[in-house]
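In my numbering, the protein residues as written are 1 to 331. Ideal Cβ positions, reconstructed from N, Cα and C, are used throughout, including at glycine. Every value quoted in this text rests on a predicted model; they were computed, and no experiment measured them. Here's the structure, in C-alpha coordinates; my notes come after.
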(Lines of atoms letter the chains of each structure in order from A; the text may use other names.)
(Lines give C-alpha, C1' and ligand atoms only; values in the text may rest on other atoms or scores of the structure.)
Protein backbone atom coordinates (compact mmCIF):
# COMPACT_ATOMS: atom_id res chain seq x y z
CA UNK A 1 0.00 0.00 0.00
CA UNK A 2 2.53 2.56 -1.16
CA UNK A 3 0.00 5.15 -2.34
CA UNK A 4 -2.04 6.27 0.65
CA UNK A 5 -3.35 9.63 -0.52
CA UNK A 6 -6.82 10.26 0.82
CA UNK A 7 -9.63 12.73 0.22
CA UNK A 8 -9.44 15.67 2.55
CA UNK A 9 -5.72 14.98 2.87
CA UNK A 10 -4.75 18.60 3.56
CA UNK A 11 -7.00 18.89 6.62
CA UNK A 12 -5.87 15.52 7.97
CA UNK A 13 -2.21 16.39 7.42
CA UNK A 14 -2.72 19.76 9.10
CA UNK A 15 -4.38 18.14 12.10
CA UNK A 16 -1.58 15.59 12.45
CA UNK A 17 1.25 18.14 12.26
CA UNK A 18 -0.51 20.52 14.62
CA UNK A 19 -0.64 17.74 17.21
CA UNK A 20 2.90 16.59 16.41
CA UNK A 21 4.99 19.42 14.88
CA UNK A 22 7.59 17.91 12.56
CA UNK A 23 10.49 17.37 12.62
CA UNK A 24 11.07 19.42 15.84
CA UNK A 25 14.64 18.18 16.27
CA UNK A 26 15.88 20.51 18.99
CA UNK A 27 18.21 23.46 18.42
CA UNK A 28 20.56 21.98 15.81
CA UNK A 29 19.75 22.86 12.19
CA UNK A 30 19.49 20.63 9.12
CA UNK A 31 21.84 21.01 6.16
CA UNK A 32 21.02 21.51 2.47
CA UNK A 33 24.65 21.08 1.47
CA UNK A 34 23.93 18.31 -1.03
CA UNK A 35 21.93 20.84 -3.04
CA UNK A 36 24.34 23.74 -2.65
CA UNK A 37 27.27 21.53 -3.62
CA UNK A 38 25.42 20.38 -6.74
CA UNK A 39 24.80 24.03 -7.71
CA UNK A 40 28.25 25.32 -6.78
CA UNK A 41 28.83 26.83 -10.24
CA UNK A 42 25.26 27.74 -11.20
CA UNK A 43 24.24 29.97 -8.27
CA UNK A 44 25.95 33.17 -7.15
CA UNK A 45 25.47 32.79 -3.41
CA UNK A 46 26.71 36.32 -2.80
CA UNK A 47 23.79 37.88 -4.66
CA UNK A 48 20.60 38.94 -2.89
CA UNK A 49 18.45 35.94 -3.68
CA UNK A 50 14.86 35.23 -2.65
CA UNK A 51 14.47 31.79 -1.09
CA UNK A 52 11.20 30.02 -0.24
CA UNK A 53 10.69 26.79 1.69
CA UNK A 54 7.20 25.30 1.18
CA UNK A 55 5.99 22.85 3.80
CA UNK A 56 8.81 24.16 5.98
CA UNK A 57 7.50 22.49 9.17
CA UNK A 58 9.54 23.44 12.22
CA UNK A 59 12.04 25.19 9.97
CA UNK A 60 15.23 23.25 10.62
CA UNK A 61 16.16 23.45 6.92
CA UNK A 62 14.78 26.97 6.46
CA UNK A 63 16.51 28.56 9.46
CA UNK A 64 19.71 26.80 8.39
CA UNK A 65 19.53 28.51 4.98
CA UNK A 66 18.66 31.91 6.46
CA UNK A 67 21.60 31.65 8.85
CA UNK A 68 24.00 30.46 6.14
CA UNK A 69 22.99 33.27 3.76
CA UNK A 70 22.06 36.29 5.94
CA UNK A 71 21.90 38.60 2.87
CA UNK A 72 19.14 36.51 1.27
CA UNK A 73 15.44 37.18 1.80
CA UNK A 74 14.03 33.92 3.12
CA UNK A 75 10.40 32.86 3.40
CA UNK A 76 8.60 29.81 4.74
CA UNK A 77 5.03 28.52 4.73
CA UNK A 78 3.32 25.55 6.33
CA UNK A 79 -0.13 24.24 7.21
CA UNK A 80 0.72 23.82 10.88
CA UNK A 81 0.65 26.85 13.17
CA UNK A 82 2.47 25.01 16.00
CA UNK A 83 5.23 24.00 13.58
CA UNK A 84 5.69 27.61 12.51
CA UNK A 85 5.85 28.65 16.17
CA UNK A 86 8.74 26.24 16.67
CA UNK A 87 10.35 27.70 13.54
CA UNK A 88 10.00 31.23 14.90
CA UNK A 89 11.58 30.24 18.21
CA UNK A 90 14.37 28.45 16.34
CA UNK A 91 15.13 31.54 14.23
CA UNK A 92 15.34 33.70 17.37
CA UNK A 93 17.65 31.22 19.03
CA UNK A 94 20.01 31.38 16.04
CA UNK A 95 19.77 35.16 15.65
CA UNK A 96 18.15 34.96 12.22
CA UNK A 97 16.49 38.20 11.08
CA UNK A 98 16.03 37.66 7.32
CA UNK A 99 13.09 35.26 7.63
CA UNK A 100 9.36 35.75 7.03
CA UNK A 101 6.82 33.05 7.92
CA UNK A 102 3.21 32.67 6.85
CA UNK A 103 0.68 29.93 7.52
CA UNK A 104 -0.92 28.52 4.38
CA UNK A 105 -1.52 25.63 1.99
CA UNK A 106 1.09 25.96 -0.75
CA UNK A 107 -0.76 23.36 -2.83
CA UNK A 108 -3.49 25.94 -3.38
CA UNK A 109 -1.88 29.32 -2.85
CA UNK A 110 1.59 30.68 -2.12
CA UNK A 111 1.05 33.36 0.56
CA UNK A 112 3.86 35.61 -0.74
CA UNK A 113 4.02 38.00 -3.68
CA UNK A 114 6.56 37.79 -6.46
CA UNK A 115 8.79 34.99 -7.68
CA UNK A 116 11.70 33.23 -6.00
CA UNK A 117 15.19 32.37 -7.19
CA UNK A 118 15.25 29.13 -5.20
CA UNK A 119 12.36 27.15 -3.77
CA UNK A 120 12.71 24.03 -1.65
CA UNK A 121 10.01 21.39 -1.19
CA UNK A 122 11.71 18.75 0.90
CA UNK A 123 9.71 15.80 2.17
CA UNK A 124 6.37 17.46 1.52
CA UNK A 125 5.09 17.02 -2.06
CA UNK A 126 4.55 13.29 -1.43
CA UNK A 127 2.08 14.25 1.32
CA UNK A 128 -0.17 16.25 -1.02
CA UNK A 129 -3.54 14.91 -2.07
CA UNK A 130 -2.71 15.91 -5.66
CA UNK A 131 1.10 16.05 -5.95
CA UNK A 132 1.10 17.15 -9.61
CA UNK A 133 -1.22 20.09 -8.95
CA UNK A 134 0.75 21.04 -5.83
CA UNK A 135 4.10 21.00 -7.63
CA UNK A 136 2.60 22.92 -10.55
CA UNK A 137 1.33 25.58 -8.17
CA UNK A 138 4.74 25.90 -6.53
CA UNK A 139 6.37 26.23 -9.95
CA UNK A 140 4.30 29.33 -10.68
CA UNK A 141 6.25 31.15 -7.94
CA UNK A 142 9.62 30.09 -9.38
CA UNK A 143 11.56 32.61 -11.48
CA UNK A 144 12.16 31.61 -15.08
CA UNK A 145 15.81 30.73 -14.41
CA UNK A 146 15.27 29.66 -10.79
CA UNK A 147 15.86 26.29 -9.15
CA UNK A 148 13.46 24.05 -7.27
CA UNK A 149 14.78 21.50 -4.76
CA UNK A 150 12.54 18.46 -4.26
CA UNK A 151 12.86 15.46 -1.97
CA UNK A 152 10.49 12.51 -2.43
CA UNK A 153 10.08 9.11 -0.81
CA UNK A 154 11.54 6.26 -2.85
CA UNK A 155 9.26 3.23 -3.15
CA UNK A 156 12.13 0.75 -2.74
CA UNK A 157 13.51 2.42 0.37
CA UNK A 158 10.11 2.87 2.02
CA UNK A 159 8.51 -0.46 1.09
CA UNK A 160 9.36 -1.92 4.51
CA UNK A 161 7.87 1.09 6.29
CA UNK A 162 4.65 0.79 4.31
CA UNK A 163 4.54 -2.90 5.25
CA UNK A 164 4.76 -2.05 8.96
CA UNK A 165 2.18 0.69 8.53
CA UNK A 166 -0.21 -1.74 6.86
CA UNK A 167 0.29 -4.19 9.73
CA UNK A 168 -0.73 -1.43 12.14
CA UNK A 169 -3.72 -0.60 9.92
CA UNK A 170 -4.94 -4.20 10.15
CA UNK A 171 -5.05 -4.10 13.95
CA UNK A 172 -5.97 -0.42 14.35
CA UNK A 173 -7.16 1.37 11.19
CA UNK A 174 -7.75 4.66 13.03
CA UNK A 175 -4.59 6.65 12.25
CA UNK A 176 -5.38 9.12 15.02
CA UNK A 177 -5.32 6.41 17.69
CA UNK A 178 -1.58 6.89 18.13
CA UNK A 179 -1.25 5.16 21.48
CA UNK A 180 -2.90 1.94 20.31
CA UNK A 181 -0.93 1.91 17.07
CA UNK A 182 2.28 2.38 19.01
CA UNK A 183 1.40 -0.55 21.30
CA UNK A 184 1.11 -2.75 18.22
CA UNK A 185 4.36 -1.39 16.80
CA UNK A 186 6.18 -1.87 20.11
CA UNK A 187 5.02 -5.49 20.36
CA UNK A 188 6.26 -6.13 16.81
CA UNK A 189 9.67 -4.60 17.53
CA UNK A 190 10.07 -6.54 20.78
CA UNK A 191 9.21 -9.75 18.96
CA UNK A 192 11.79 -9.01 16.27
CA UNK A 193 14.42 -8.14 18.88
CA UNK A 194 13.73 -11.40 20.70
CA UNK A 195 14.17 -13.31 17.45
CA UNK A 196 16.94 -11.06 16.14
CA UNK A 197 18.83 -13.86 14.41
CA UNK A 198 15.82 -14.78 12.29
CA UNK A 199 15.35 -11.11 11.47
CA UNK A 200 18.95 -10.79 10.28
CA UNK A 201 18.69 -13.90 8.16
CA UNK A 202 15.66 -12.36 6.46
CA UNK A 203 17.34 -8.99 5.90
CA UNK A 204 18.86 -8.38 2.45
CA UNK A 205 22.67 -8.48 2.63
CA UNK A 206 22.91 -4.92 1.31
CA UNK A 207 20.79 -3.66 4.21
CA UNK A 208 23.15 -5.28 6.71
CA UNK A 209 26.20 -3.87 4.94
CA UNK A 210 24.68 -0.37 4.90
CA UNK A 211 24.20 -0.22 8.67
CA UNK A 212 27.85 0.72 9.52
CA UNK A 213 27.84 3.35 6.77
CA UNK A 214 24.68 4.95 8.12
CA UNK A 215 26.12 5.02 11.65
CA UNK A 216 29.32 6.66 10.37
CA UNK A 217 27.28 9.25 8.45
CA UNK A 218 25.36 10.15 11.60
CA UNK A 219 28.61 10.50 13.57
CA UNK A 220 29.90 12.95 10.94
CA UNK A 221 26.64 14.91 11.09
CA UNK A 222 26.86 15.11 14.86
CA UNK A 223 30.46 16.36 14.71
CA UNK A 224 29.40 19.09 12.26
CA UNK A 225 26.52 20.14 14.50
CA UNK A 226 23.82 19.10 12.03
CA UNK A 227 20.48 17.61 12.90
CA UNK A 228 18.66 14.97 10.88
CA UNK A 229 15.30 13.23 10.91
CA UNK A 230 15.49 9.67 12.25
CA UNK A 231 14.58 7.01 9.71
CA UNK A 232 11.73 4.56 10.04
CA UNK A 233 14.12 1.73 10.90
CA UNK A 234 15.17 3.49 14.14
CA UNK A 235 13.88 1.73 17.26
CA UNK A 236 11.44 4.21 18.80
CA UNK A 237 10.60 3.97 22.50
CA UNK A 238 7.66 6.39 22.37
CA UNK A 239 5.28 7.78 19.72
CA UNK A 240 7.36 10.88 18.93
CA UNK A 241 6.64 13.26 16.03
CA UNK A 242 8.96 11.35 13.63
CA UNK A 243 7.29 8.04 14.58
CA UNK A 244 3.83 9.52 13.97
CA UNK A 245 5.02 10.88 10.61
CA UNK A 246 6.34 7.45 9.62
CA UNK A 247 3.45 5.27 10.75
CA UNK A 248 0.32 7.42 11.19
CA UNK A 249 0.48 9.78 8.23
CA UNK A 250 -2.94 9.98 6.53
CA UNK A 251 -1.70 11.05 3.10
CA UNK A 252 1.54 9.92 1.45
CA UNK A 253 3.02 8.31 -1.63
CA UNK A 254 6.37 6.73 -2.50
CA UNK A 255 7.82 6.91 -6.02
CA UNK A 256 9.92 5.06 -8.53
CA UNK A 257 11.84 6.83 -11.32
CA UNK A 258 9.06 6.46 -13.88
CA UNK A 259 6.54 8.02 -11.48
CA UNK A 260 8.95 10.84 -10.61
CA UNK A 261 9.37 11.66 -14.30
CA UNK A 262 5.61 11.70 -14.76
CA UNK A 263 5.19 14.02 -11.76
CA UNK A 264 7.89 16.44 -12.89
CA UNK A 265 6.67 16.55 -16.48
CA UNK A 266 3.07 17.00 -15.36
CA UNK A 267 4.09 20.08 -13.36
CA UNK A 268 5.78 21.68 -16.38
CA UNK A 269 9.27 21.15 -14.99
CA UNK A 270 12.45 19.32 -15.94
CA UNK A 271 15.15 17.58 -13.93
CA UNK A 272 18.45 19.46 -14.00
CA UNK A 273 20.27 17.14 -11.60
CA UNK A 274 19.35 13.89 -9.92
CA UNK A 275 21.50 13.82 -6.79
CA UNK A 276 19.72 11.09 -4.83
CA UNK A 277 18.18 7.76 -5.73
CA UNK A 278 18.06 7.24 -9.48
CA UNK A 279 21.27 9.10 -10.32
CA UNK A 280 23.47 7.32 -12.81
CA UNK A 281 25.80 4.53 -11.65
CA UNK A 282 27.91 3.68 -14.74
CA UNK A 283 29.97 1.22 -12.69
CA UNK A 284 26.91 -1.02 -12.43
CA UNK A 285 26.49 -1.25 -16.20
CA UNK A 286 28.02 -4.40 -17.77
CA UNK A 287 30.80 -3.60 -20.24
CA UNK A 288 28.97 -5.44 -23.01
CA UNK A 289 26.11 -2.95 -22.65
CA UNK A 290 28.31 0.15 -22.98
CA UNK A 291 27.48 0.88 -26.61
CA UNK A 292 23.74 0.49 -26.10
CA UNK A 293 23.83 2.36 -22.78
CA UNK A 294 25.29 5.47 -24.42
CA UNK A 295 22.32 5.55 -26.82
CA UNK A 296 19.69 5.48 -24.07
CA UNK A 297 17.68 8.57 -23.22
CA UNK A 298 18.43 10.27 -19.93
CA UNK A 299 15.09 9.07 -18.55
CA UNK A 300 15.97 5.46 -19.35
CA UNK A 301 19.40 5.84 -17.77
CA UNK A 302 17.87 7.06 -14.52
CA UNK A 303 15.39 4.19 -14.49
CA UNK A 304 18.09 1.65 -15.33
CA UNK A 305 20.26 2.98 -12.50
CA UNK A 306 17.36 2.48 -10.10
CA UNK A 307 16.84 -1.09 -11.31
CA UNK A 308 20.55 -1.97 -11.10
CA UNK A 309 21.22 -0.36 -7.73
CA UNK A 310 21.33 -2.44 -4.55
CA UNK A 311 18.80 -1.36 -1.97
CA UNK A 312 16.85 1.86 -2.29
CA UNK A 313 16.93 5.53 -1.44
CA UNK A 314 15.05 8.81 -1.51
CA UNK A 315 14.88 11.13 -4.50
CA UNK A 316 16.75 14.42 -4.19
CA UNK A 317 16.39 16.49 -7.32
CA UNK A 318 17.07 19.97 -8.67
CA UNK A 319 14.38 21.11 -11.08
CA UNK A 320 13.78 24.06 -13.38
CA UNK A 321 10.90 25.25 -15.48
CA UNK A 322 10.60 23.39 -18.76
CA UNK A 323 11.07 25.95 -21.53
CA UNK A 324 8.94 23.79 -23.85
CA UNK A 325 5.92 24.34 -21.59
CA UNK A 326 4.42 27.73 -22.39
CA UNK A 327 1.79 27.81 -19.64
CA UNK A 328 1.34 26.43 -16.18
CA UNK A 329 -2.39 27.20 -16.09
CA UNK A 330 -5.18 24.68 -16.14
CA UNK A 331 -4.42 22.76 -12.95
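Just tell me which of the options has its CA closest to the CA of residue i.
i, options, result
"residue 165", "189, 145 and 60", "189"
"residue 62", "39, 121 and 109", "121"
"residue 115", "150, 103, 53 and 219", "53"
"residue 186", "224, 233, 216 and 228", "233"
"residue 117", "162, 31, 267 and 74", "74"
"residue 146", "251, 183 and 42", "42"
"residue 251", "27, 125 and 65", "125"
"residue 237", "183, 65, 287 and 136", "183"
"residue 247", "257, 231, 258 and 136", "231"
"residue 235", "50, 262 and 191", "191"
"residue 128", "249, 317, 195 and 268", "249"
"residue 40", "130, 273 and 228", "273"
"residue 306", "44, 298, 280 and 295", "280"
So what does residue i bridge to, in DSSP terms?
i, result
"residue 100", "75"
"residue 151", "122 and 316"
"residue 255", "154"
"residue 54", "77"
"residue 270", "320"
"residue 226", "29"
"residue 116", "142"
Leaving out the 5 sequence neighbours to the left and right, which residues in its chain are closer than 8 Å to residue i when beta-carbon positions are compared?
i, result
"residue 201", "Because the pLDDT at residue 201 is just 49, under 50, the model does not fix this residue reliably, and the point stays unresolved."
"residue 48", "71, 72 and 73"
"residue 134", "106, 107, 125 and 128"
Suppose contacts are defined by Cβ-Cβ distances below 9 Å. Is residue i in contact with residue j by that definition?
i, j, result
"residue 78", "residue 95", "no"
"residue 110", "residue 83", "no"
"residue 304", "residue 270", "no"
"residue 244", "residue 16", "yes"
"residue 10", "residue 139", "no"
"residue 309", "residue 288", "no"
Excluding five sequence neighbours on each side, which residues of the same chain lie with their C-beta closer than 7 Å to the C-beta of residue i?
i, result
"residue 315", "151, 152, 154, 255, 260, 276, 277 and 278"
"residue 144", "321"
"residue 88", "101"
"residue 14", "79 and 80"
"residue 168", "181, 184, 185 and 247"
"residue 69", "45"
Could you check what DSSP says for residue i in three-state terms: helix, strand or coil?
i, result
"residue 49", "coil"
"residue 263", "helix"
"residue 305", "helix"
"residue 299", "helix"
"residue 182", "helix"
"residue 174", "coil"
"residue 162", "helix"
"residue 247", "helix"
"residue 311", "coil"
"residue 141", "coil"
"residue 89", "helix"
"residue 134", "helix"
"residue 36", "helix"
"residue 63", "helix"
Which same chain residues, not among the five before or five after residue i, have their C-beta less than 6 Å away from its C-beta?
i, result
"residue 239", "178 and 182"
"residue 158", "254"
"residue 66", "74, 96, 98 and 99"
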